[in-house]
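Peer 1: Residue numbers (the numbering used here), protein chains in the order written: chain A, 97 to 305; chain B, 97 to 305; chain C, 97 to 305; chain D, 97 to 305. Virtual Cβ for every residue (Gly too), placed ideally from N, Cα, C.
4 protein chains.
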Amino acid sequence: MSLLAKRWKELAEVKAELAGRDWFLATSGNLSIKVTDDPLTFLVTASGKDKRKQTDEDFLLVDASGNPVEKTQLKPSAETLLHVEIYKRTNAGCSLHVHTVDNNVISELYGDDGEVVFSHQEIIKAFGIWEEDAAIRIPIIRNYAHIPTLAQEFAKHVNGDAGAVLIRNHGITVWGKDAFEAKKFLEAWEFLFSYHVKLLLLKGAKAFA
Amino acid sequence: MSLLAKRWKELAEVKAELAGRDWFLATSGNLSIKVTDDPLTFLVTASGKDKRKQTDEDFLLVDASGNPVEKTQLKPSAETLLHVEIYKRTNAGCSLHVHTVDNNVISELYGDDGEVVFSHQEIIKAFGIWEEDAAIRIPIIRNYAHIPTLAQEFAKHVNGDAGAVLIRNHGITVWGKDAFEAKKFLEAWEFLFSYHVKLLLLKGAKAFA
Amino acid sequence: MSLLAKRWKELAEVKAELAGRDWFLATSGNLSIKVTDDPLTFLVTASGKDKRKQTDEDFLLVDASGNPVEKTQLKPSAETLLHVEIYKRTNAGCSLHVHTVDNNVISELYGDDGEVVFSHQEIIKAFGIWEEDAAIRIPIIRNYAHIPTLAQEFAKHVNGDAGAVLIRNHGITVWGKDAFEAKKFLEAWEFLFSYHVKLLLLKGAKAFA
Amino acid sequence: MSLLAKRWKELAEVKAELAGRDWFLATSGNLSIKVTDDPLTFLVTASGKDKRKQTDEDFLLVDASGNPVEKTQLKPSAETLLHVEIYKRTNAGCSLHVHTVDNNVISELYGDDGEVVFSHQEIIKAFGIWEEDAAIRIPIIRNYAHIPTLAQEFAKHVNGDAGAVLIRNHGITVWGKDAFEAKKFLEAWEFLFSYHVKLLLLKGAKAFA
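In structure tokens:
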């Protein structure tokens with residue numbers, strides 16, 4: 097299998113699994129995987145597709161500017177520029193962006209703070225942090241409708257080969273060295289969000305119980 | 097494949113996917129897809145079927161009055177008249193009606209207001225609205241048991257090729273140019289409902305946390 | 097296909113679907129379907145099986161006393177006597193008993209009242225009630241550990257060919273003329289429970305929003 | 097089929113089912129099944145795998161110290177020592193450890209108490225307790241990052257052939273005589289946790305309704 101075909105398959109498997117959880121409702125979300133470093137090329141989801149379906153037009157290859165490498169009628173995802181920032185600034189190999197109800201509510205609850213910090217949770221070890229009282233922080237940025245502006249704001253928080261950013265009332269973008277790691281980080285964040293949401297509700301309730 | 101077979105397949109695929117989410121509990125919900133414009137004919141779900149199953153009797157072809165085009169023992173969905181209003185008044189090609197817990201609770205919470213408005217949410221772009229501070233509104237109508245009266249009330253809000261109406265303590269009806277678009281709109285609305293429900297619960301809880 | 101094989105298949109299909117929703121956690125729940133009227137025989141789930149699996153030992157045929165018709169090492173479900181009461185007192189053809197989180201919380205919230213009443217909900221039409229302001233009531237009985245006593249208490253509420261009873265902190269038992277109808281009723285009840293649970297939470301929250 | 101192959105298959109089936117419920121997010125969780133008693137050997141999940149996938153490297157055979165029986169590049173789960181404690185101290189044949197949102201929130205809500213007790217719930221019969229007013233208790237221990245310390249603390253609560261321990265903000269470990277029983281207990285606990293979480297929220301809400 098060619099490198100391109102191998103990366104396509106990896107990204108398609110992640111897409112199918114996340115689609116099964118309904119993390120791409122209403123054609124939302126976008127995914128990418130790096131194919132070559134020099135020159136930089138990566139596969140990114142084509143715009144406006146139903147990600148529950150698996151087709152030969154799900155992804156297209158784009159260059160360091162986010163433009164298609166070959167002539168195609170497919171349009172790269174509207175937010176391809178965010179993926180460009182990740183691959184230009186880090187050694188990451190895969191980036192996943194999904195809208196979920198819980199990541200949206202966390203982004204709104206803590207949006208004015210510009211970040212949210214989680215601690216005392218075993219799942220934090222998924223990020224390779226092994227201290228007992230470890231804390232992990234995710235920045236929350238404003239959801240600029242103008243994608244170049246959003247990408248610029250986003251880029252300020254892209255300073256490691258692994259990372260994540262919440263865009264307010266929009267979703268999370270996670271990146272890691274490959275599809276396996278990016279999905280692992282994404283699942284850890286979503287667990288933290290769901291746990292935190294439920295605990296906030298319950299700590300209130302238990303006080304009155 | 098004939099046009100009829102093509103439309104049947106499209107509608108069957110949407111039905112199977114929504115059934116997988118349990119959006120048709122207790123034989124609730126109904127779906128339709130336009131087949132011809134002149135004369136108007138459309139496929140609509142047969143009444144009283146378990147939509148988790150896929151059979152040759154899931155849909156039947158009806159005319160501009162909602163009556164079967166051919167002699168059949170199948171009965172069109174009891175709410176076929178609502179679909180008639182959509183195809184008579186707009187260029188829509190598909191209409192989906194589902195009961196979900198979250199669309200029912202939203203319809204009850206805001207039922208007295210006659211509408212609910214959502215804003216500052218990325219998923220609103222699924223409706224083709226790209227402004228940063230966009231808002232989107234869905235009317236909420238009374239759930240008349242008399243279907244012709246319900247259809248008449250419903251028709252007042254059918255004034256575009258794409259749209260949606262909430263029927264109080266009943267469900268949502270969404271329409272769009274084809275099955276792809278109608279499903280996209282439906283998923284966007286359900287995301288907004290679920291997000292809003294959870295945020296209402298949490299904003300209360302966070303105040304006390 | 098023999099009548100027995102036909103009924104087995106119908107019950108197996110319902111079991112598989114409900115198991116897919118995790119409505120039989122921890123080997124809970126039991127199902128039955130009538131095979132013959134005179135003498136009364138019905139298939140009932142064997143005790144202690146994992147209902148996510150499909151095997152030739154999932155059900156066994158029992159008589160009007162709930163005893164196996166043929167010599168078998170299988171034991172009928174511990175609660176077979178409740179199914180006996182249904183088939184002895186009504187013309188029902190199928191009975192489904194499941195534990196869900198929402199039916200348990202409703203049974204606890206309203207347990208002291210001995211019943212809960214729902215109204216103004218479209219899904220009530222699934223019970224064949226078409227009035228606009230229809231209400232529907234489900235009795236809630238105490239969860240006696242002694243099954244003959246439980247069956248006796250249960251029997252007081254078995255007075256129609258279709259019906260349902262909540263057993264407090266235990267689950268719901270629903271019956272109807274056949275597997276299709278019993279499943280339809282069950283889904284309608286579970287929708288009502290989930291809707292009501294969420295609305296109770298939200299009505300409180302909205303007041304403070 | 098060899099005994100090893102039989103046990104592998106049993107554990108793989110449980111893994112696949114729990115993975116389908118997303119109980120192993122972010123490579124969390126670990127499972128084991130005993131193969132021989134003398135000397136003690138058991139299959140345990142290899143560290144760092146995506147448990148949604150089924151491969152020939154999902155499990156490896158370890159000895160009474162938790163070390164691989166044969167030379168392998170696979171690493172046993174980081175928490176293998178907890179499984180060692182179970183097999184050394186009891187006749188259990190299978191142990192399951194999963195992170196869920198609800199078991200984590202329960203562990204946090206009652207963590208300071210060191211335990212949580214549930215009563216008046218039918219599902220308690222899954223533990224083989226048949227009294228009408230039965231109560232069941234699960235200890236909650238601190239989540240030491242140092243695994244030998246965690247295993248030592250855990251071992252204090254391993255005093256029966258069936259049992260369960262909650263590790264605070266980490267997850268539940270359940271053990272039983274075989275894969276069937278361990279999964280049954282796990283499902284019963286998760287039902288109790290989800291029920292209790294929802295009831296806490298609702299009892300507060302109903303008071304204000």
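Could you give the C-beta distance for G275 of chain C and L121 of chain C, rounded to a whole number, given that I count them as a contact under 8 Å?
Peer 2: Looking at the sequence provided, one finds Ala at residue 275 of chain C rather than Gly. Their Cβ separation, rounded to whole angstroms, is 21 Å, which puts A275 of chain C and L121 of chain C out of contact at 8 Å.
Peer 1: Are the CB atoms of D146 of chain C and T123 of chain C within a distance shorter than 8 Å?
Peer 2: Their beta carbons are under 8 Å apart, which means T123 of chain C touches D146 of chain C by this criterion.
Peer 1: Any beta-carbon of chain C closer than 8 Å to the one on H195 of chain B?
Peer 2: Yes, contact with chain C.
Peer 1: For Y240 of chain C, which residues in chain D fall below 8 Å Cβ to Cβ?
Peer 2: Residues of chain D passing the Cβ test: E228.
Peer 1: Check V293 of chain C in the structure and name its three-state DSSP category.
Peer 2: Correct three-state label for V293 of chain C: helix.
Peer 1: Could you check the C-alpha separation between E277 of chain D and E283 of chain A for me, to the nearest Å?
Peer 2: E277 of chain D and E283 of chain A: Cα-Cα distance of roughly 28 Å.
Peer 1: Any chance you could list the beta strand (DSSP E) runs of at least 3 consecutive residues sitting entirely within the segment 106 to 136 of chain B, in chain order?
Peer 2: Listed in chain order, they are 126 to 133.
Peer 1: How many whole angstroms separate the CB atoms of Q150 of chain C and A112 of chain C, which I take to be in contact at a CB cut-off of 8 Å?
Peer 2: About 6 Å; that satisfies the 8 Å criterion.
Peer 1: Among the candidates C:I202, C:K184, C:I234 and C:G267, whose CA atom is the shortest distance from the CA of D134 of chain C?
Peer 2: The candidate whose alpha carbon is nearest that of D134 of chain C is C:K184.
Peer 1: Return the chain-ordered ranges of every alpha helix (DSSP H) run that is complete within the segment 131 to 195 of chain D and spans a minimum of 4 residues.
Peer 2: With a minimum length of 4 residues, the continuous alpha helix (DSSP H) runs that stay inside the segment 131 to 195 of chain D are 176 to 185.
Peer 1: Which same chain residues end up closer than 8 Å to A305 of chain A when comparing Cβ atoms and leaving out the 5 residues on each side of it in sequence?
Peer 2: Unreliable positioning characterises A305 of chain A in this predicted model, as indicated by a pLDDT of 45, which lies under 50. The coordinate reading is nonetheless provided below. Closer than 8 Å at the Cβ level, and outside the excluded window around A305 of chain A, lies no residue.
Peer 1: For H266 of chain C, which residues in chain D fall below 7 Å Cβ to Cβ?
Peer 2: E218, listed in chain order.
Peer 1: Please compile the residues from chain A whose C-beta is within a distance smaller than 7 Å of the C-beta of F276 of chain B.
Peer 2: The answer, in chain order, is D146.
Peer 1: Mind listing which residues of the segment 122 to 141 of chain A have their C-beta closer than 9 Å to chain B's C-betas, in chain order?
Peer 2: Hits within the stretch, in order: A122, T123 and S124.
Peer 1: Do L298 of chain D and L205 of chain C have their C-beta atoms closer together than 8 Å?
Peer 2: Yes, the Cβ-Cβ distance between L298 of chain D and L205 of chain C is below 8 Å.
Peer 1: Under 8 Å Cβ to Cβ from E181 of chain D, same chain only, skipping five residues before and after it: list those, please.
Peer 2: So the qualifying residues of the chain are A247, F250, A251 and V254.
Peer 1: Assuming Y291 of chain D and Q217 of chain D are in contact, meaning their beta carbons sit under 8 Å apart, how far apart are those beta carbons, in whole angstroms?
Peer 2: The Cβ separation is near 7 Å, so the contact holds.
Peer 1: Where does G224 of chain A sit, in a helix, a strand or coil, going by DSSP?
Peer 2: Coil, per DSSP.
Peer 1: Would you mind sorting W104 of chain B into buried or exposed? The rule is 16 or more other CB atoms within 10 Å of its CB.
Peer 2: W104 of chain B should be labelled buried.
Peer 1: Helix, strand or coil: how does DSSP classify S98 of chain B here?
Peer 2: The answer is coil: DSSP assigns S98 of chain B none of H, G, I, E or B.
Peer 1: To the nearest angstrom, how far is the alpha carbon of G125 of chain C from that of V110 of chain C?
Peer 2: Distance between the alpha carbons of G125 of chain C and V110 of chain C is about 12 Å.
Peer 1: Can you list the residues of chain D that K105 of chain A reaches, using a CB-CB cut of under 8 Å?
Peer 2: What K105 of chain A touches in chain D: nothing, since even the nearest Cβ is about 13 Å away.
Peer 1: Residues in its own chain within less than 6 Å of A186 of chain B by CB, not counting five upstream and five downstream?
Peer 2: What sits at residue 186 of chain B in the sequence shown is Thr, not Ala. Same-chain partners within the cutoff: D257.
Peer 1: I'd like to know if the segment 214 to 231 of chain D and the segment 234 to 242 of chain C are in contact, where contact means that at least 3 CB-CB pairs between them fall below 8 Å.
Peer 2: These segments touch.
Peer 1: Name the two residues that bound the continuous beta strand (DSSP E) containing I234 of chain A.
Peer 2: Segment A231 to I237, the beta strand (DSSP E) holding I234 of chain A.
Peer 1: Which of the three DSSP states, helix, strand or coil, is assigned to F304 of chain C?
Peer 2: Because F304 of chain C carries a pLDDT of 47, less than 50, the predicted location of this residue cannot be relied on, and the following value inherits that uncertainty. Helix.
Peer 1: Kindly indicate if chain A contains any beta-carbon less than 8 Å away from that of F120 of chain B.
Peer 2: It does not: the Cβ of F120 of chain B has no partner Cβ on chain A nearer than 8 Å.
Peer 1: Cβ closer than 7 Å: which chain B residues qualify as neighbours of E204 of chain A?
Peer 2: The contacting residues are L295.
Peer 1: Tell me the DSSP secondary structure of A260 of chain C in three-state form.
Peer 2: Strand.
Peer 1: Would a C-beta distance cut-off of 8 Å place G272 of chain A and V194 of chain A closer than the cut-off?
Peer 2: Contact: no.
Peer 1: Go ahead and label V158 of chain B buried or exposed: buried means 16 or more other beta carbons lie within 10 angstroms of its beta carbon, across all protein chains shown.
Peer 2: Buried.
Peer 1: So S143 of chain D and P172 of chain D are in contact, right, with Cβ under 8 Å, and what is the actual spacing, rounded?
Peer 2: That pair is a contact at about 7 Å.
Peer 1: Assuming F289 of chain A contacts I236 of chain A under a Cβ cut-off of 8 Å, what Cβ separation, rounded to an integer in Å, is found between them?
Peer 2: In fact, because the Cβ distance is near 12 Å, the residues do not count as touching under 8 Å.
Peer 1: Kindly indicate if chain D contains any beta-carbon less than 8 Å away from that of N199 of chain C.
Peer 2: Taking Cβ atoms only, chain D never reaches closer than 8 Å to N199 of chain C, which makes this a no.
Peer 1: Taking the straight line between their C-alpha atoms, what separation do you get for N265 of chain C and T196 of chain A?
Peer 2: If you take the alpha carbons of N265 of chain C and T196 of chain A, they lie about 32 Å apart.
Peer 1: For a contact defined as C-beta to C-beta under 8 Å, what are the partners of S290 of chain B on chain A?
Peer 2: Within 8 Å Cβ-Cβ: V197.
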